[in-house]
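There are 2 protein chains.
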Amino acid sequence: MTLREELEMGFLEDLIGYRIRLVQIAAYKDFETVTKGFGQAPRYFGLLSLIEANPGLPQGKLAEAIHLVRSSLVPIIDKLEIEGIVERRSSKGDRRLKAVWLTAKGKKVLARLRPHVAAHEQRLTARMSKEDKAALLRLLQQVDVNLRNGKSLVEAA
Amino acid sequence: MTLREELEMGFLEDLIGYRIRLVQIAAYKDFETVTKGFGQAPRYFGLLSLIEANPGLPQGKLAEAIHLVRSSLVPIIDKLEIEGIVERRSSKGDRRLKAVWLTAKGKKVLARLRPHVAAHEQRLTARMSKEDKAALLRLLQQVDVNLRNGKSLVEAA
Numbered sequence: 070m071t072l073r074e075e076l077e078m079g080f081l082e083d084l085i086g087y088r089i090r091l092v093q094i095a096a097y098k099d100f101e102t103v104t105k106g107f108g109q110a111p112r113y114f115g116l117l118s119l120i121e122a123n124p125g126l127p128q129g130k131l132a133e134a135i136h137l138v139r140s141s142l143v144p145i146i147d148k149l150e151i152e153g154i155v156e157r158r159s160s161k162g163d164r165r166l167k168a169v170w171l172t173a174k175g176k177k178v179l180a181r182l183r184p185h186v187a188a189h190e191q192r193l194t195a196r197m198s199k200e201d202k203a204a205l206l207r208l209l210q211q212v213d214v215n216l217r218n219g220k221s222l223v224e225a226a
Numbered sequence: 070m071t072l073r074e075e076l077e078m079g080f081l082e083d084l085i086g087y088r089i090r091l092v093q094i095a096a097y098k099d100f101e102t103v104t105k106g107f108g109q110a111p112r113y114f115g116l117l118s119l120i121e122a123n124p125g126l127p128q129g130k131l132a133e134a135i136h137l138v139r140s141s142l143v144p145i146i147d148k149l150e151i152e153g154i155v156e157r158r159s160s161k162g163d164r165r166l167k168a169v170w171l172t173a174k175g176k177k178v179l180a181r182l183r184p185h186v187a188a189h190e191q192r193l194t195a196r197m198s199k200e201d202k203a204a205l206l207r208l209l210q211q212v213d214v215n216l217r218n219g220k221s222l223v224e225a226a
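Protein chains in written order, with the numbering used here: chain A, 70 to 226; chain B, 70 to 226.
As structure tokens, this is what we get:
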């Protein structure tokens, strides 16, 4: 049952921005429900996965990757460090630069979360062909690039 | 400049759920920046547009349309009523049922907001063909339908 059958969408009819927001709200609710009991890790699953795939990355680089300013990332890393799933160490190249790693516990939590994330992803993309999924991913990446190119706006927020 | 050129995406590489979340964070920052000074209206632009396109809709129907449970919508309508942009009246068919309308002020605020929303949408979809935009909209709608079909999860949240 689609919205379209029930409500007039008015100005929203063709707005991609609105659809992204609506889908994100519903997707996040689904994700939250299936990942209860994992502490802070589900909320920061993307960030933790980036840390895992890029061990020892400086905080500034991490922040940029997830559309945050560095000062917003620092308290998040603090929280994750208190939970014992990440740790900060000085960067080898530059001792003043703090870099971030997953702890052994963090790696374990992430491994336990992954099947839940995969199941969530399958619900999101149910009844989509392989081509549809690839197209959706490509188009979302284009939106991401568009927003990064309008960067002054993001930094001003 | 894409993330791909800089960071390993690891498990996130093909996750549509992650891309939607990332894009929504960046899109919302852009939207917030360009709609400062409009009070609560930008935050609830989708909801207000639905009320405009479907005047006199009961609160329950509105809640459902935006993936909320009714009890979460009520305080939002309260806030918007205090700002004088919506009003509740009894439904004609059933006097116990509270229905929602935009006020004259609400209609004016929404009309002033719309060009900003349109400009935001253009930034989101820059360098996309008409076909790409239609495909992205269709695929996001499919995700929306998928999540509505897993409804018990959304209600449980």
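The beta carbon of each residue, even a glycine, is placed where N, CA and C say it ideally should be.
Going by Cα to Cα distance, which pick from the options is closest to residue i?
i, options, result
"residue 13(B)", "119(A), 138(A), 202(A), 156(A)", "Because chain B spans 70 through 226 in this model, residue 13(B) falls outside it and cannot be assessed."
"residue 123(B)", "198(A), 78(A), 174(A)", "78(A)"
"residue 128(B)", "91(B), 167(B), 153(B)", "167(B)"
"residue 75(A)", "130(B), 103(B), 118(B)", "130(B)"
"residue 135(A)", "121(A), 116(A), 144(A), 101(A)", "116(A)"
"residue 81(B)", "198(A), 199(A), 186(A), 107(A)", "186(A)"
"residue 138(A)", "160(B), 196(B), 188(B), 98(B)", "98(B)"
"residue 175(B)", "83(B), 94(B), 113(B)", "113(B)"
"residue 87(B)", "119(A), 87(A), 142(A)", "119(A)"
Please list the partners that residue i has in chain A, where partner means a Cβ-to-Cβ separation under 7 angstroms.
i, result
"residue 89(B)", "89, 92, 93, 96, 209"
"residue 118(B)", "79, 80, 81"
"residue 158(B)", "The premise fails here: residue 158(B) is roughly 19 angstroms from chain A at the closest Cβ pair, so nothing lies under 7 angstroms."
Do residue i and residue j have their C-beta atoms within less than 7 angstroms of each other?
i, j, result
"residue 212(A)", "residue 213(B)", "no"
"residue 85(A)", "residue 182(B)", "no"
"residue 152(B)", "residue 170(B)", "no"
"residue 218(A)", "residue 193(B)", "no"
"residue 191(B)", "residue 148(B)", "no"
"residue 146(A)", "residue 172(A)", "no"
"residue 111(B)", "residue 102(B)", "no"
"residue 107(A)", "residue 189(A)", "no"
"residue 204(B)", "residue 204(A)", "yes"
Helix, strand or coil for residue i, going by three-state DSSP, please let me know.
i, result
"residue 55(B)", "As shown, chain B starts at 70 and ends at 226. That puts residue 55(B) outside it, with no answer to give."
"residue 148(B)", "helix"
"residue 77(B)", "coil"
"residue 141(A)", "helix"
"residue 200(B)", "helix"
"residue 218(B)", "helix"
"residue 173(A)", "helix"
"residue 156(A)", "strand"
"residue 225(A)", "In this prediction, residue 225(A) scores a pLDDT of 35, lower than 50, which makes its location untrustworthy; no coordinate-derived value is stated."
"residue 187(B)", "helix"
"residue 105(B)", "coil"
"residue 88(A)", "helix"
"residue 82(B)", "coil"
"residue 167(B)", "strand"
"residue 96(B)", "helix"
Give the interface partners of residue i over in chain B, defined as CB-CB distance under 9 angstroms, in chain order.
i, result
"residue 202(A)", "83, 85, 208"
"residue 151(A)", "Here the premise fails: no neighbours, minimum Cβ distance about 23 angstroms."
Give the residues of chain B in contact with residue i, contact being defined as C-beta atoms less than 8 angstroms apart.
i, result
"residue 100(A)", "86"
"residue 155(A)", "Those do not exist, as residue 155(A) stays about 15 angstroms from chain B at its closest Cβ, beyond 8 angstroms."
"residue 115(A)", "81, 87, 90, 91"
Residues of chain A with a CB under 9 angstroms from the CB of residue i: which are they?
i, result
"residue 146(B)", "Going along chain A, no residue has its Cβ under 9 angstroms from residue 146(B), so there is no contact; the nearest lies around 16 angstroms."
Would you say residue i touches the ligand COA, meaning its beta carbon is less than 6 angstroms from a heavy atom?
i, result
"residue 154(B)", "The ligand content of the structure shown is nil, which means the ligand COA is not present either."
For residue i, return the contacting residues in chain A, with the cut-off set at a CB-CB distance below 8 angstroms.
i, result
"residue 183(B)", "80"
What does residue i reach in chain B if we use C-beta pairs closer than 7 angstroms?
i, result
"residue 219(A)", "99, 192"
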